[in-house]
Amino acid sequence: GDSVTQMEGPVTLSEEAFLTINCTYTATGYPSLFWYVQYPGEGLQLLLKATKADDKGSNKGFEATYRKETTSFHLEKGSVQVSDSAVYFCALKTQGGSEKLVFGKGTKLTVNP
Amino acid sequence: NAGVMQNPRHLVRRRGQEARLRCSPMKGHSHVYWYRQLPEEGLKFMVYLQKENIIDESGMPKERFSAEFPKEGPSILRIQQVVRGDSAAYFCASSPFQGGGTNEKLFFGSGTQLSVL
Numbered sequence: 001g002d003s004v005t006q007m008e009g010p011v012t013l014s015e016e017a018f019l020t021i022n023c024t025y026t027a028t029g030y031p032s033l034f035w036y037v038q039y040p041g042e043g044l045q046l047l048l049k050a051t052k053a054d055d056k057g058s059n060k061g062f063e064a065t066y067r068k069e070t071t072s073f074h075l076e077k078g079s080v081q082v083s084d085s086a087v088y089f090c091a092l093k094t095q096g097g098s099e100k101l102v103f104g105k106g107t108k109l110t111v112n113p
Numbered sequence: 001n002a003g004v005m006q007n008p009r010h011l012v013r014r015r016g017q018e019a020r021l022r023c024s025p026m027k028g029h030s031h032v033y034w035y036r037q038l039p040e041e042g043l044k045f046m047v048y049l050q051k052e053n054i055i056d057e058s059g060m061p062k063e064r065f066s067a068e069f070p071k072e073g074p075s076i077l078r079i080q081q082v083v084r085g086d087s088a089a090y091f092c093a094s095s096p097f098q099g100g101g102t103n104e105k106l107f108f109g110s111g112t113q114l115s116v117l
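Protein sequences appear in the order of chains A and B. In case it helps, this note's numbering puts the first sequence at residues 1 to 113. In case it helps, this note's numbering puts the second sequence at residues 1 to 117.
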């Protein structure tokens, strides 16, 4: 079945460091791919998305490129801030009208000043 | 416009008791999804409901779990005769659309943490 694999955390970085959180997927067809973020005490929020191969999603300085050849959707940010501390979830949604999202386990990021 | 409201935030039950988790979708949203996050796991889809209808319950355990979304009031996820393995975070999400497309209109609540003693 469909699945998402994320790099395990926790990840701890200093402010202004470069961030990469790896995400690979297994799915039939051509899924849409998402990154969600959960700040402490809040619900999951959509961070960025990509719906087809080679699409790049971007938001708040974060980027991820849909790589069909490597079935990956790695999240990157050039310079993290303390306010980026959160849990990040990679997710996919398959075609065919299904509303189900398939999530990775989440990666906790802590950014220290 | 208030977000998706889930209550309670934390729920403690003893084995064999019933747990009722509530989800009030955003105003104007008629589609509700429930997900469960077990410790060290990702969120897993449980059920998708529209007002007064269960559309997809393929992720619901066959026994003890039920969900409803009445015409009036919040969506309820009910777990009867809870066991320790039911301890998890339960998240609700709502959308105004059936086809979520790129999910810009899909909003999640903060979750209910269920602990079974």
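Glycine is no exception: its CB is placed at the ideal position from the N, C-alpha and C atoms.
Pairwise C-alpha distance: residue j and residue i
| i | j | result |
| --- | --- | --- |
| A/Val80 | A/Ala64 | 15 Å |
| A/Lys68 | A/Thr94 | 14 Å |
| B/Arg9 | B/Phe107 | 17 Å |
| A/Gly104 | B/Gly16 | 31 Å |
| B/Val32 | A/Lys108 | 26 Å |
| A/Gly41 | A/Cys90 | 19 Å |
Beta carbon of residue i nearer than 7 Å to that of residue j
| i | j | result |
| --- | --- | --- |
| B/Gly73 | B/Gln6 | no |
| B/Arg22 | B/Ile55 | no |
| B/Val82 | B/Ala67 | no |
| A/Phe62 | A/Lys49 | no |
| A/Asn59 | A/Leu44 | no |
Nearest residue (CA-CA) to residue i, options the options
| i | options | result |
| --- | --- | --- |
| B/Val116 | B/Ser87, B/Met26, B/Ser95 and B/Arg22 | B/Ser87 |
| B/Leu49 | B/Ala2, B/Gly111 and B/Ser94 | B/Ser94 |
| A/Gly57 | A/Glu15, A/Ser32, A/Gln38 and A/Gly106 | A/Ser32 |
| B/Asn53 | B/Tyr90, B/Leu38, B/Arg78 and B/Lys71 | B/Lys71 |
| A/Asp2 | A/Ser14, A/Ala27 and A/Asp84 | A/Ala27 |
| A/Pro113 | A/Leu101, A/Val87, A/Ser83 and A/Phe34 | A/Ser83 |
| A/Asp54 | A/Pro10, A/Met7, A/Phe73 and A/Tyr25 | A/Phe73 |
*Okay, do the stretch 19–28 of chain A and the stretch 69–78 of chain A touch, 3+ Cβ pairs below 8 Å being the bar?*
Touching, yes.
*Contact set between the stretch 27–43 of chain A and chain B, restricted to residues whose Cβ is under 7 Å from the partner*: Ser32, Phe34, Gly41, Glu42 and Gly43
_Interface positions of the stretch 33–44 of chain B facing chain A (Cβ-Cβ less than 9 Å), listed along the chain_ = Tyr33, Tyr35, Gln37, Glu40, Glu41, Gly42, Leu43 and Lys44
*chain A contacts from the stretch 64–77 of chain B (Cβ-Cβ distance under 8 Å)*: none
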